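First residue of the sequence shown? That's 14 in this note's numbering, and the numbers climb one at a time after it.
Some notes on the structure that comes next.
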Amino acid sequence: MNASVPEPVPGDALILVDVQNDFLPGGRLAVPDGDAVIPPLNAWIRRFRARGLPVFATRDWHPPDHCSFREQGGPWPPHCVAGTPGADFAPGLELPPEVVVISKATTPEKDAYSGFEGTDLAERLQERSVRRVFVGGLATDYCVLNTVLDALKAGFEAWVIKDAVRAVDVQPGDGERALERMRQAGAREISTPPEWMES
Ligand code: VGL
Ligand code: ZN
């Protein structure tokens, strides 16, 4: 479903999921075409900033011996090690100075794909009276999926910015299946209006 575009209003928040160097082309866990999320996300950031609405940025922030890394028996190459350049936000992402950064999966023994897992993201949204979250970033089939599902579970309305997400696609079709799961759970989809991309 692609409803007409709502201009962000009070009660809305933007959540940028893991737009970090290691998930971009050339990174240690590169998401194909991952850098394509940056221009539309910048358009959303401008829109939210212009209205004084909150912008949150989650980041994978792993210790060097994180359990999700292959050396520890996990599924992934080492990535987003806290404090390394690979864990930095993409330089092209126009993060506002007042962005709220949410670090996740920060301990060796636990992974967390959702920005809500083991963080105070739900409380931070509630204290700003947020009702709707708009979500984009990386990757559709892991951290975007789980962040959107948890947003819905926590009682927020969730909108996936479809042109501002990309999938790892370990199995072909994972990204599409993730979008379907989000829809089934009650998420809505939206595309960045082309006119937002011009300025
Ligand atoms: C992610 C795999 C491992 C993600 C994080 O941000 O989607 N994927 N860690
Ligand atoms: Zn990770």
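Cβ coordinates follow ideal geometry from the N, Cα and C atoms, glycine included.
As the structure is a prediction and not an experimental result, all values here were calculated from the model.
May I ask you to check if the CB of ASP31 is nearer than 7 angstroms to at least one heavy atom of ligand 1?
yes
With a floor of 4 residues, list each alpha helix (DSSP H) that falls wholly inside the segment 15-97, ordered by position along the chain.
51-63
By DSSP, does LYS166 sit in helix, in strand, or in coil?
helix
Please classify PRO67 as buried or exposed, where buried requires at least 16 other C-beta atoms within 10 Å of its C-beta.
buried
Distance, Cα to Cα, PRO185 vs PRO45?
12 angstroms
Nearest-angstrom Cα distance between ASN15 and GLU84?
In this prediction, ASN15 scores a pLDDT of 45, lower than 50, which makes its location untrustworthy; the coordinate-derived value is nonetheless stated afterwards. ASN15 and GLU84: Cα-Cα distance of roughly 42 angstroms.
For a test of the three-state rule: what should DSSP assign to ARG194, helix, strand or coil?
helix
With a threshold of 7 angstroms (Cβ to nearest heavy atom), would ASP73 be considered close to ligand 2?
yes
Around the Cβ of ASP25, are there at least 16 other Cβ atoms within 10 angstroms (buried) or fewer (exposed)?
buried
Member of ALA43, GLY65, GLY40 whose CA lies at the smallest distance from the CA of PRO21:
GLY65
Cα-Cα, which of LYS175, PHE69, GLU211, ALA118 is closest to GLU111?
PHE69
For SER116, write down the residues that DSSP places opposite it in a beta bridge.
ARG72
Is the beta carbon of TRP89 within less than 7 angstroms of some heavy atom of ligand 2?
yes
Any heavy atom of ligand 1 inside 7 angstroms of the beta-carbon of ALA177?
no
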